[in-house]
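Remarks on the structure that follows.
Chains as they are written, first to last, in full-length UniProt numbering: chain A, 1 to 564; chain B, 1 to 564.
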């Protein structure tokens, strides 16, 4: 049953999947559910295709709210398009399920349910999010760097509807640039209203290498342990729960992957300009296989380490709630509170306090450009190392093992033939050769097992960094957009077409974005140094142990030949 | 220019390449040179194909000896068919060349000449001898065990012409069985005349495990060193000479591969029932490449070790001449003497003295059968290990090296990207990671080089044993043929159709063959135990050193991360 809609703004199609629409044009839409911010429908000229959901209002024939204005959805509302890749969390339906074993909870259970066969949600390597070829054209795709993975963070916020249309500094024509969609444009232009009560404050201070987030005054870490299979509905559904123990509380909570996923979506929703670490990838099949559970655990540990290390993310109330809440009722309340948080997206920028030090905006621009080039290069090299390490895992489990096993078998065949002429057979030699054969079979198994000790941990770290690095192009884009606004407003002010005061406001707000990005750059580098040092050390240590173990095995075997 | 020949005996073709011929039938032969004992020609019915060279006499129109009777070539003459795989050494042309740099010597120079492009003589893995598919059907092929490589040894002796045709015990119908061709049939039947003067005697005595060759009273070893490129004809021809130093003389001689080859052919010619070690394989191209020269040297060392270890071979006058002669004139004389040696082939059996101990011939048969099964199995397993080790060499030089180099490159790419944001770049970490990359490149090279330390030596030993093992089917066949004659003669004696004395003579001569084979089995097993023990120990030792070196490289690298 086709619905009708009315175009709120002009939209010019830029790809063949899209159709152009005119302000006030009546449209037919094929489904009310937008996919990634796009609706599919037909315009008055009979063309069918995609157009931005936020450019139209749906005309309803039924009573009640007679249209859905996508363009004016408040920043705090849940992403209406999230059903495509994450659990819809509609706050209008009260959360009724139990806490640890919520039978009829409103979250999409797909990640844990093993009784339902789902379509694969993601192409490999895209960290659980739909790959570009599977999703509708992302609105910000035109602005993205080629080769970067799509970043979902900013898809969740629709562009802020401005209460002050016709502001002096022009708006970006491309209303799907992440700069616009994230609300950062609105923030820069001063269109995001100051809330009366701002409970949270995140401070940026000047460090030795530039702006940095003020450290969490109550630092902590959190362990992720004991993935345990749980069942509900008398065993029809099952899921894995992880034991989390924050060091500042030292009393565990138990969380499922979907709880992580809920938290992750809150983080994406709230923390504009922060590179939120991606959750370990989802996997539609074999979710309860031991190897997969182990891998997810290892990667949740790294994710958690990064979360607790981040001065802003670690202090987030929703995160604290996730880590500490042990009461069912409290859980529901805290969840609702997090979902109703208004200081999200553009408003989050209001909670950032920056130092008074002057920073030349062009200098900031240069530092950002250096970081941009660096992050692109690092992304490439992380991908390269990931590919090499993955191939090495394959070789260890396949080729290397096979070669050593074949060698082992051949030695055993020699030993076997030596047994065949008993009067001349020397048992001690035959046994030594046979043992050598078995040793090489063992060495083959050691090769096959070794990735668990070294390459897996390397791949885990690299995966975390692939996620973090894939966030930066969009974050850098925010800063670029803000900086462009500053230059525009300064030109207008110089030409007398804008109050200096308003231009100063824009510059001041741009500084917030610039400081935040630099603090993120700083945090990223700090973690990078620590994480890669640890990764390399751990890899080398494990490799050394491995080669020593192989040579010890062989030494033991060699001794069998001593007294022949 | 086609030659004519006359068939001496009937021959019934058994393969489509062969044609049947009738006694006294006139034949056209296409070439005087037999290939592997076969001539190609046309019979009187116009059929063209192969027939045994020894079944015909060539009719010559020219003066001088008017025919070549292949069937009556004396046992002492050089193999007329040797041109196919070795140097023809026609004793009728006097040896005129100089000793170490014989300019116009009569030996085929192909193995050392680098100015002539030759066709490849052998398929890989056939140890320098033509593979079955390349050569004419070997006469003894029908008697061979499937899977065994062709053995050239017994091709050299044509069947002995019997001076006593119509002997009481029947002759084998298949005159190309190695039993017949080797002259052992004639020996068993008492058709090999006793020479008046038998200078050499080789004794077999009873050891703990049965008959064994009496040890060489003057044991020695001989080193093979310093392969050195020599040139002649002002550099037009070049060859490699090897320095040989026998331990009992301790003064070196210099020999070329073709000298080894001459000696090898003398050994094949003379030592019936002895498993003569094959020379390292020939290689038509790249003969002066360093790797090939090294490989040939290593294999000549093993060949020499086996020669000096053998109680019979090590005492052979021709071998002593080869090892000791330093005088040009003496060399020629000794060479001629060796070539004129009459105690070769069947006559060599006359020089063997056996103990008087009674051995039940059926027991001997059983022991031989056990050895036959063993040697078949060992041949299979040696081939299996050879294949595995060869593949491992390929992997070391190819896959393994490549994997580690790719890992090294990936680490270096990481380090390179880390340099790109200077304010945040930590040189010590970058250097450590870059060094790790270089270390893995080094490890890759170590993998590629490692076969020179371990697998090559294993493959050398295996190649020697492939040669030795490939000799046994024919040697075993000789014993089987002799044993059959004994049973036949005993039956005839029982039926009163043969003097008991003649039957006893056959039995006695069969005992010589049986004792000689058992002595060979015993020697083979003794060497096998020693050689395989050494091979396995050396392989394991080198492997241990290798893995220790890898882990030491990594340990050094790991230390670079210590003070970050």
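Just so you know, even glycine gets a beta-carbon here, dropped at the ideal spot from N, CA and C.
Residues in the same chain with beta-carbon distance under 8 Å from residue i, minus the five sequence neighbours each way, listed in chain order, please.
{"i": "residue 362(B)", "result": "none"}
{"i": "residue 500(B)", "result": "493"}
{"i": "residue 115(A)", "result": "Summary for residue 115(A): the model assigns pLDDT 29, below 50, so the residue's position carries little reliability, and this model does not support an answer."}
{"i": "residue 214(A)", "result": "202, 203, 204, 205, 311"}
In chain A, which residues lie with their C-beta within 8 Å of the C-beta of residue i?
{"i": "residue 399(B)", "result": "395, 399"}
{"i": "residue 311(B)", "result": "In chain order: nothing, as chain A lies at least about 17 Å away."}
Starting from residue i, find everything on chain B with Cβ-Cβ shorter than 8 Å and list it in chain order.
{"i": "residue 456(A)", "result": "The contacting residues do not exist; residue 456(A) stays about 15 Å from chain B at best."}
{"i": "residue 12(A)", "result": "Ordered by position in chain B, no residue passes the 8 Å Cβ test against residue 12(A), which lies about 38 Å from the chain."}
{"i": "residue 463(A)", "result": "The premise fails here: residue 463(A) is roughly 15 Å from chain B at the closest Cβ pair, so nothing lies under 8 Å."}
{"i": "residue 532(A)", "result": "414, 418, 429, 433"}
Taking 7 Å as the limit between beta carbons, can you name the residues of its chain near residue i, skipping five residues before and five after?
{"i": "residue 440(A)", "result": "404, 407, 408, 411"}
{"i": "residue 25(B)", "result": "7, 43, 44"}
{"i": "residue 207(B)", "result": "522"}
Just checking: is the beta-carbon of residue i within a distance shorter than 8 Å of some beta-carbon in chain A?
{"i": "residue 498(B)", "result": "no"}
{"i": "residue 566(B)", "result": "One cannot answer for residue 566(B) here, as it falls past the ends of chain B, which runs 1 to 564."}
{"i": "residue 529(B)", "result": "yes"}
{"i": "residue 260(B)", "result": "no"}
{"i": "residue 275(B)", "result": "no"}
{"i": "residue 448(B)", "result": "no"}
{"i": "residue 466(B)", "result": "no"}
{"i": "residue 480(B)", "result": "no"}
{"i": "residue 206(B)", "result": "no"}
{"i": "residue 407(B)", "result": "yes"}
{"i": "residue 537(B)", "result": "yes"}
Under 6 Å Cβ to Cβ from residue i, same chain only, skipping five residues before and after it: list those, please.
{"i": "residue 550(A)", "result": "443"}
{"i": "residue 225(B)", "result": "243"}
{"i": "residue 565(A)", "result": "The question about residue 565(A) has no answer here: the residues shown for chain A are numbered 1 through 564."}
Using a Cβ-Cβ distance under 8 Å, would residue i count as near chain B?
{"i": "residue 219(A)", "result": "no"}
{"i": "residue 435(A)", "result": "no"}
{"i": "residue 414(A)", "result": "yes"}
{"i": "residue 378(A)", "result": "yes"}
{"i": "residue 348(A)", "result": "no"}
{"i": "residue 452(A)", "result": "no"}
{"i": "residue 403(A)", "result": "yes"}
{"i": "residue 358(A)", "result": "no"}
{"i": "residue 515(A)", "result": "no"}
{"i": "residue 201(A)", "result": "no"}
Would you kindly check if the distance between the Cβ of residue j and the Cβ of residue i is under 8 Å?
{"i": "residue 459(A)", "j": "residue 390(A)", "result": "yes"}
{"i": "residue 522(B)", "j": "residue 211(B)", "result": "yes"}
{"i": "residue 456(A)", "j": "residue 354(A)", "result": "no"}
{"i": "residue 28(B)", "j": "residue 39(B)", "result": "no"}
{"i": "residue 436(A)", "j": "residue 308(A)", "result": "no"}
{"i": "residue 465(A)", "j": "residue 393(A)", "result": "no"}
{"i": "residue 378(B)", "j": "residue 433(A)", "result": "no"}
{"i": "residue 302(A)", "j": "residue 48(A)", "result": "no"}
{"i": "residue 544(A)", "j": "residue 555(B)", "result": "yes"}
{"i": "residue 396(B)", "j": "residue 448(B)", "result": "yes"}
{"i": "residue 505(A)", "j": "residue 41(A)", "result": "no"}
{"i": "residue 240(A)", "j": "residue 232(A)", "result": "no"}
Going along chain B, which residues have a C-beta under 7 Å from residue i?
{"i": "residue 557(A)", "result": "540"}
{"i": "residue 550(A)", "result": "547"}
Determine the chain A residues that contact residue i at a beta-carbon separation under 7 Å, and present them in chain order.
{"i": "residue 544(B)", "result": "551, 554, 555, 558"}
Can you list the residues of chain A that residue i reaches, using a CB-CB cut of under 9 Å?
{"i": "residue 525(B)", "result": "421, 423, 424, 425, 426"}
- Task: Kindly confirm or deny that the region 260-273 of chain B and the region 339-358 of chain B touch, where touching means at least three C-beta pairs closer than 8 Å.
- Result: Here the region 260-273 of chain B lies against the region 339-358 of chain B, with 3 or more beta-carbon pairs under 8 Å apart.
- Report yes or no: do three or more beta-carbon pairs, one from the region 243-261 of chain A and one from the region 310-327 of chain A, lie closer than 8 Å? Short answer: they touch.
- the region 218-227 of chain B in contact with the region 308-318 of chain B per 3-pair CB rule at 8 Å: With a cut-off of 8 Å on Cβ pairs, the region 218-227 of chain B is in contact with the region 308-318 of chain B, counting three or more such pairs.
- Mind the definition here: the region 176-196 of chain A touches the region 476-484 of chain A only if three or more C-beta pairs lie below 8 Å; say whether that holds. The region 176-196 of chain A, when compared against the region 476-484 of chain A, does touch it at the 8 Å Cβ threshold.
- Message: For the structure I just gave you, are there three or more beta carbon pairs, one from the region 417-425 of chain B and one from the region 365-373 of chain A, closer than 8 Å?
- Response: The region 417-425 of chain B, when compared against the region 365-373 of chain A, does touch it at the 8 Å Cβ threshold.
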